[in-house]
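Asks: To start, I am sharing the structure in question, which I have written as structure tokens.
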Amino acid sequence: MLYSSAREGEFVAVEIQEGLPVAIVGKGGTKTELRSLTFINDRKWHSIKLHLSFKSLELIVDGEVVKSSINSRSKVLQLKGHLFLGGIDDSTRSEVRKVTHEDNLPSEIVFTVKVAPSHGFIRRFVEAEARYIGTEQSPIKTFTQEDINRGDILYMQVEPNIVNDTFILDATNGVTDVSDIRMSVDIVPRLIPLQVSNFTLMEGASKALTQDVLKVSNRHFSGVNFVYSLTEPPQHGHIEHSRHPGGNITSFTRRQVEHEFIYYIHDSSETVADSFTVVANDTSLRKQSAAQTVYIQVTAVNDELPVITANRVLRVWVSSVTEISPGDLMAQDQDTPPEERHFMVTPPSNGHLALKSAPMKAVLNFTQAHIDQGQLLFVHKGAMSGGFNFQVNDGVNFTPRQIFSITARALVLSLEKNRPLKVFPGSSTPLTNEELQAVTNDISNTSNRIITFSVIRPPKLGRLAARQPDNSTVDISSFTQDMVNRKEVVYIQTPTESVGWEAVDSMTFSVASPPTSLDIQTFKIDISYENNRHEHNTVLLANTGAEVTEGESVVIDKSKLDATNLMSKLPMSQRSSHEVWFQVTSLPQHGVIVVGERNLTKEKPNFSQFIVNKYGITYKHDNSETTRDSFVFSAWLNPKGKSAQRPQDDINVIEEHFNITVVPVNDQPPLLKTKAPSLEVVQGDTVALRPENLKVEDLDNPPEDIKFSVISKPNNGYLAFKGSLNESITAFTQAQINNESIYFIHDGSSVSGVFYFSVTDGHHKPIYKLFNLEVTGITISLVNFTGLLLEQGKTSVSLTQVNLAAETNGKNITIHYQITRPPSFGKLLKHNEEVTQFEQEDLQTGSLSYHMSSLSSAEDSFEFTAFTSEANLTGQVLNITVIPLVQIGRGFRIPNGFAVPVNTSFINASKLASMSDSDPVFEIISHPKYGKVVRMVPQMSQKAALAESFSFQEVIQEKVALELNANMSGVQELNDSLVFLLKADNIQPAKGEFHFTVVPYEPALFPTTKNPVPATSSVPQTPVQTSRKGTASPDLSTTFLSTQQPSKKQQKVKGRNRWGNSNRTSIFSTTLGKPTHGAEEFPFRNTPVRVESYPQTNSNPLLIILPLLALLLLVIIFVVVVVFLRHQRQRKQSSATPNEPPSPCLPSSQSYTEQILRGTTVPTVTVTPLNPTCPGSPVLNRSLVSNHSSDYNTTDSNTLISSWSNGSPGMSSQIIRNTTPTLQKNQYWV
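Okay, structure coming up:
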């Protein structure tokens, strides 16, 4: 780019090598080469400056400076000839090659680091290894020109906040050496080096933010007009622009600071300091500074008056010294410290003010600092009420004069509790506030008031001591109530010989809490072996219990069991003639007690203290896996020379427990309680091992000591600890299994696996076992799948999780539903929009509904697939069924062999008729198995016609009947039903089913009447009255049969289908036999059935009247004969011997009379069965005999007979049959 030659081969040149500008100076036979680190082959304009002096060479490229010294004796470089810019001619090129050694390869020019950088190091990139070599501890020392040309040499800065560095190189090409090449490194800061200075100003003044406060001195950022932003504005002032006074700004530029336009304005508050935080930012350079905080010192101006903020009446105790606190008296001044707020007072009228340093020296001047530091005291003397005047000043300003009031009252000290201290002989017992407590009326200052007890006469049988923090004791003669509350005061009883079984000690003391005190008080101390405190569980000298190793023995001697203190109950003269005896009243459960060479038994349970003292007794453990044992004993004083006998009086007997601790021995191996260790895991799931999967018990060791080791790991997953599920483990304990801390993580494969493990307690041989890991595939199952029920007359119904719900055993519990076959007569809607896919959440929120768009079908369905990301369930069909809008009666029992009219108590479609404004039609889908539906015909017409359909109007008019002809041989009842399709105008059809029970016809239970109904009349459902007992009472014109539960005998009849249509499936499996309209369910379960007998078409009125008259005559004659016979039998029975037993076949008179109810209008006919063993016994069918099974109870039968007998005679008629019905059990022709 530049070349100029000088004399004797000297020259200066600038050329581009590998995109980098290089300056070369030949001088005095040496060549100095200076290479810039800024690439200029980026097709942009660049500024290049070359400074040449007789000692140094400086090359500046875009502000980046590199320097090098020139080592030559020649001081002046004399140029000659042309100065070439941008290139050279051919004649000059050979000269340039000669002086610049163009024949040298870059790899031949070697640089050596003579002086390393001070704040960094040099490293080189090795392309073959794709890594850098050279570290801060071991930087590279040499590199070549070729390394520089490839850009492999890097300077790495290691010390922060440094903006320049230098290092010196030596260069050689093997021919010429260049020494002391100084390389200057100009480090451009990563952050704008913002520097701030703190300043001071007067309260309420302002200060310009000049370059002395905010400055950036680095030359790389000179001239850059970056923006200052306040990240934290000042708290007691604001920043504003001088040309916009009063405005609060949060950002400003560097140029505005240079022109002193930006000011900090203090808010004149009584503050002594303020601060704000600022950041410099330049978007063009994409640089910003670190946040810097400017701290402002505010010089206060004394312009505020002192203010009295507290002047409370001081309440003191008579003759007391009381501290005056800031809550009692305080003066505040925002610009004056407490030391300079001076109080000037007049002498108090009921005492004097003083400082703590001199309580008896009165003062009339003090500061707020004295009050704050708790140095000001008031010493009361004289009147109960008084005070002083005071005034406060800060050296400049004064407050108005005020009065400080002081009132005094007397302090009352009382001994609230003074109870005897119960002490066990020879023990140390603490005094508590339950035994000794003194209080004052100073309730508000309880924590600070000190109450002192001073001992005047110490106790004689012990001493008082204070327990130290290290549990040692120090004798005391005074103590405080606070020490008593903390249980630090201890009474130590000694010696025990002077006590006996019990004794009383005492001490006298005085109590004081200045300025008051109490007179001398006495405190009693009750010393007795019967004082059983928390630290003593015995009244004996020793009952410490014993410790024994499992299966071994332990000697119980005097140190463990000593009852000699019982002797102290006796006078000294009698003690030598008595001894202590023990009797074991409850033997140990897990061992025996050996005295000498015999075992203690219930028969011989005694031993003496003498034996214990001399030989001891032995407890032998039975080697059971127990950790505790005990025995109960009694101790008493027995005269010497007499046989040991327990006194009858329990007062003289001590009874206690002797506890034995058994140290277990690990002599039992662990036992595997799980017969087949296994775990069921869902494919890809994580499951915890529980005790039911793997349990090992050891009677000698806790679960923590039962350790498992995995010998061969699972082949379909791994074991891990809870909380570290990514790390496989091979060892764990039974305790971790019990805590559910061991998890098995399945790898997602479909195969089951095992792992082989061992378990041991550390003392016995390990147990080896296989643990099976049974893998269950991910499935989806339907937990709710009831189908949809759409009420007839409606076109939509909600689809919720009650109708359809699925669950999965996989991890992904989000279940989707895809409709594979849509409904044929409607569509599925979500928020009134048709959908083909929905979620389980839609079912839970009730967002789905089915809408029937075609009213031509009684049912619909759609097919769907339930799936997750892990499994699917296909081919599922949800049925939608239309339920009829009809009230269907339940529990009807219809007699066999009759045509029973169907009325509105059977089926009632009045609501559907009202909704559709039409006459609903019942199309028969299936007739009853044991009969058929017929249309009722006029009396003179032919046989009743089979009905395939009928209207609701015909039901109202009772023109349709159920005609039943079932073979009832061997059965008492048969279940049957009628299936129909209910249709109405402009409403979808619906299938319905009417269930009833076929029962045999029995004349006594089904007396018939005739109740003709006009063809044009509208008959609503039969009225039902309720009796007091809750049974249905029928209309007097109709005979009813109430539904009853079948007897046990009837339930035993087998071998025959009880339901009529055995070849049909109910269309309502979930609502079988229930009313279809839940809101209007029938109010009765015992449904009345009116049984009518219609004459055949070939009958004549005379054929009816004449037989009735004849029958009535026969009935009258029969009744007379029966009455006569009964009268004769009663006469015979009255004349019989009293001791003659009654006939076993005759019913009791009570049962007979209770079961036969006779009407007053129509005579009752009693049928007598021709029983050869008892020909004269009257029986009213099998329902009136108490020991015969029946379909109906006696009460119902009586009610039916009474209803029939009370009816109008003109309304009754005789049953006429075409064929002779089959006689059932206990049926007789009359």
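Numbering (the numbering used here), first residue to last: 10 to 1239. Here a beta-carbon is modelled for each residue, glycine too, at the ideal position from N, C-alpha and C.
Please name the residue, chosen from T308, L294 and V288, that lies closest to T302 on a Cα-to-Cα basis.
Replies: Here residue 302 refers to the residue found at position 293 when the sequence shown is read from its first residue. Closest option to T302, Cα to Cα, is V288.
Asks: Any idea if T292 is buried or exposed, counting beta-carbon neighbours within 10 angstroms, 16 or more meaning buried?
Replies: For the purposes of this step, residue 292 is taken as the residue at position 283 of the sequence shown. Answer is exposed; the Cβ neighbour count stays below 16.
Asks: Give a yes or no on whether the C-beta atoms belonging to V593 and L609 are separated by under 7 Å.
Replies: Within the sequence shown, numbered from 1, the residue matching residue 593 stands at position 584. Within the sequence shown, numbered from 1, the residue matching residue 609 stands at position 600. Taking 7 Å as the Cβ cut-off, V593 and L609 qualify as a contacting pair.
Asks: With C-beta atoms as the reference, is F847 less than 7 Å away from L857?
Replies: Working through the sequence shown from its first residue, we reach residue 847 at position 838. Working through the sequence shown from its first residue, we reach residue 857 at position 848. Yes, Cβ-Cβ distance for F847 and L857 is below 7 Å.
Asks: Have a look at D189 and V281 and give me their C-alpha separation to the nearest angstrom.
Replies: Here the question's residue 189 lines up with position 180 in the sequence shown. Here the question's residue 281 lines up with position 272 in the sequence shown. The alpha-carbon atoms of D189 and V281 are separated by roughly 58 Å.
Asks: Identify, in the order they occur along the chain, each residue of the same chain with its Cβ nearer than 6 Å to the Cβ of A22, setting aside the five sequence neighbours on each side.
Replies: Locating residue 22 in the sequence shown gives position 13, where the first residue counts as 1. Taken in chain order, the residues that qualify are Y12 and I33.
Asks: What are the start and end residues of each continuous alpha helix (DSSP H) run of 4 or more residues lying completely inside the region 375-410, in chain order?
Replies: Runs found: 377-381.
Asks: What's the gap between the Cα of V1128 and the Cα of G906?
Replies: Mapped onto the sequence shown, residue 1128 falls at position 1119. Mapped onto the sequence shown, residue 906 falls at position 897. About 29 Å.
Asks: Note the first and the last residue of the continuous beta strand (DSSP E) segment covering S52.
Replies: The residue labelled residue 52 in the question sits at position 43 within the sequence shown. First, the amino acid is wrong: residue 52 is Arg here, not Ser. From DSSP, R52 is part of no beta strand (DSSP E); its letter is neither H nor E.
Asks: P115 and N158 look like a contact to me (Cβ under 8 Å); what is the Cβ gap, rounded to whole Å?
Replies: For this step, residue 115 is matched to residue 106 along the sequence shown. For this step, residue 158 is matched to residue 149 along the sequence shown. 5 Å between Cβ atoms; contact.
Asks: Quick check: what's the CA-CA separation for H268 versus S127?
Replies: As a first step, residue 268 is located in the sequence shown; it is residue number 259 there, counting from the start. As a first step, residue 127 is located in the sequence shown; it is residue number 118 there, counting from the start. Each residue's Cα considered, the two are about 39 Å apart.
Asks: Cα-Cα, which of G395, F397 and L338 is closest to T376?
Replies: Along the sequence shown, read from residue 1 onward, the residue named residue 376 stands at position 367. It is L338.
Asks: When burial is assigned at 16 or more other CB atoms within 10 Å of the CB, is L680 buried or exposed?
Replies: Position 671 of the sequence shown, counted from the first residue, corresponds to residue 680. L680 is exposed by the Cβ-count criterion.
Asks: Pick helix, strand or coil for R264, following the three-state DSSP scheme.
Replies: The residue given as residue 264 occupies position 255 in the sequence shown. Note: R264 maps to helix in three-state DSSP.
Asks: CA-CA distance, F876 and Y826?
Replies: Sequence index remark: in the sequence shown, residue 876 carries index 867 (1-based). Sequence index remark: in the sequence shown, residue 826 carries index 817 (1-based). If I take the Cα positions, the gap works out to 6 Å.
Asks: Which partner residues does F741 have in the DSSP bridge list?
Replies: As a first step, residue 741 is located in the sequence shown; it is residue number 732 there, counting from the start. The partner list for F741 (beta bridge, DSSP) reads F717.
Asks: With a Cβ-Cβ cutoff of 7 Å, do F152 and R140 count as a contact?
Replies: Walking along the sequence shown from the start, residue 152 turns up at place 143. Walking along the sequence shown from the start, residue 140 turns up at place 131. Not closer than 7 Å, so no.
Asks: Nearest-angstrom Cα distance between K2 and V696?
Replies: In the structure as shown, the chain starts at 10 and stops at 1239, and residue 2 therefore has no counterpart that could be examined.
Asks: Near G1082, what residues of its chain come up, given a Cβ to Cβ distance below 6 Å and the 5 sequence neighbours on each side ignored?
Replies: Translated into positions along the sequence shown, residue 1082 becomes position 1073. In this prediction, G1082 has a pLDDT of 37, which is less than 50 and means its spatial position is unreliable; what the coordinates show is noted afterwards. Excluding sequence neighbours, G1082 sits near R899 and H1004.
Asks: My output table needs one value for V1114: the three-state DSSP class, helix, strand or coil.
Replies: Position 1105 of the sequence shown, counted from the start, is the residue given in the question as residue 1114. This sequence places Ile at residue 1114; Val is not what is there. DSSP places I1114 in helix when its eight states are reduced to three.
Asks: Taking only the alpha-carbon atoms, compute the straight-line gap between M393 and P242 and give it to the nearest angstrom.
Replies: Residue mapping note: residue 393 aligns to position 384 of the sequence shown, counting from 1. Residue mapping note: residue 242 aligns to position 233 of the sequence shown, counting from 1. Near 57 Å, if we compare the C-alpha coordinates of P242 and M393.
Asks: Thinking just about the alpha-carbon of each residue, which of V187, F730 and T121 is nearest to the one in Q745?
Replies: Taking the first residue of the sequence shown as position 1, residue 745 is located at position 736. Considering only alpha carbons, the answer is F730.
Asks: Among the residues of its own chain, which have a CB less than 6 Å from the CB of I25, if the five just before and after it don't count?
Replies: As a position in the sequence shown, residue 25 is number 16, starting the count at 1. There are no such residues.
Asks: So is W590 buried or exposed if we call it buried at 16+ other beta carbons inside 10 Å?
Replies: To locate residue 590, count along the sequence shown from 1; it is residue 581. Under this definition W590 is a buried residue.
Asks: By the three-class DSSP mapping on this structure, what secondary structure does N359 have?
Replies: Position 350 of the sequence shown, counted from the first residue, corresponds to residue 359. Of the three classes helix, strand and coil, the one that applies to N359 here is coil, per DSSP.
Asks: Hey, would you say Q801 sits closer than 7 Å to P893, going by beta carbons?
Replies: Working through the sequence shown from its first residue, we reach residue 801 at position 792. Working through the sequence shown from its first residue, we reach residue 893 at position 884. Yes, Cβ-Cβ distance for Q801 and P893 is below 7 Å.
Asks: What separation, rounded to the nearest whole angstrom, lies between the Cα atoms of D484 and V499?
Replies: On the sequence shown, position 475 is the one that residue 484 refers to. On the sequence shown, position 490 is the one that residue 499 refers to. The alpha-carbon atoms of D484 and V499 are separated by roughly 9 Å.
Asks: Leaving out five residues on either side along the sequence, give the residues of the same chain with a beta carbon under 7 Å from the beta carbon of M516.
Replies: The residue given as residue 516 occupies position 507 in the sequence shown. Contacts found: V464, R466, P467, P468 and F532.
Asks: Just reading off the beta strand (DSSP E) that D869 is part of, what are its end residues?
Replies: As a position in the sequence shown, residue 869 is number 860, starting the count at 1. Counting along the chain, the beta strand (DSSP E) containing D869 begins and ends at E868 to F876.
Asks: Determine the contact status of F764 and K704, defining contact as a CB-CB distance below 7 Å.
Replies: Along the sequence shown, read from residue 1 onward, the residue named residue 764 stands at position 755. Along the sequence shown, read from residue 1 onward, the residue named residue 704 stands at position 695. Against a cut-off of 7 Å, the Cβ pair of K704 and F764 comes out as no contact.
Asks: Among all the DSSP beta bridges, which residues are the ones paired with E24?
Replies: As a working mapping, residue 24 is identified with position 15 in the sequence shown. V31.
Asks: Would you grab the beta carbon distance between L422 and S526 for me? Rounded to a whole angstrom, and I think it's under 8 Å.
Replies: The residue you call residue 422 lines up with position 413 of the sequence shown. The residue you call residue 526 lines up with position 517 of the sequence shown. About 7 Å; that satisfies the 8 Å criterion.
Asks: Name the two residues that bound the continuous beta strand (DSSP E) containing L973.
Replies: The count along the sequence shown starts at 1 and reaches residue 973 at position 964. From DSSP, the beta strand (DSSP E) with L973 extends over V969 to L973.
Asks: Using beta-carbon positions only, say whether N574 and Y538 come within less than 7 Å of one another.
Replies: In the sequence shown, residue 574 corresponds to position 565, counting from 1. In the sequence shown, residue 538 corresponds to position 529, counting from 1. Going by C-beta atoms, N574 is nearer than 7 Å to Y538.
Asks: My assumption, with CB atoms under 8 Å, is that T121 sits in contact with D179. Please give the rounded CB distance.
Replies: As a first step, residue 121 is located in the sequence shown; it is residue number 112 there, counting from the start. As a first step, residue 179 is located in the sequence shown; it is residue number 170 there, counting from the start. Confirmed, Cβ separation roughly 5 Å.
Asks: Considering only their Cβ atoms, is the gap separating N912 from G940 smaller than 7 Å?
Replies: Position 931 of the sequence shown, counting from 1, holds the residue named residue 940. Position 903 of the sequence shown, counting from 1, holds the residue named residue 912. Contact: no.
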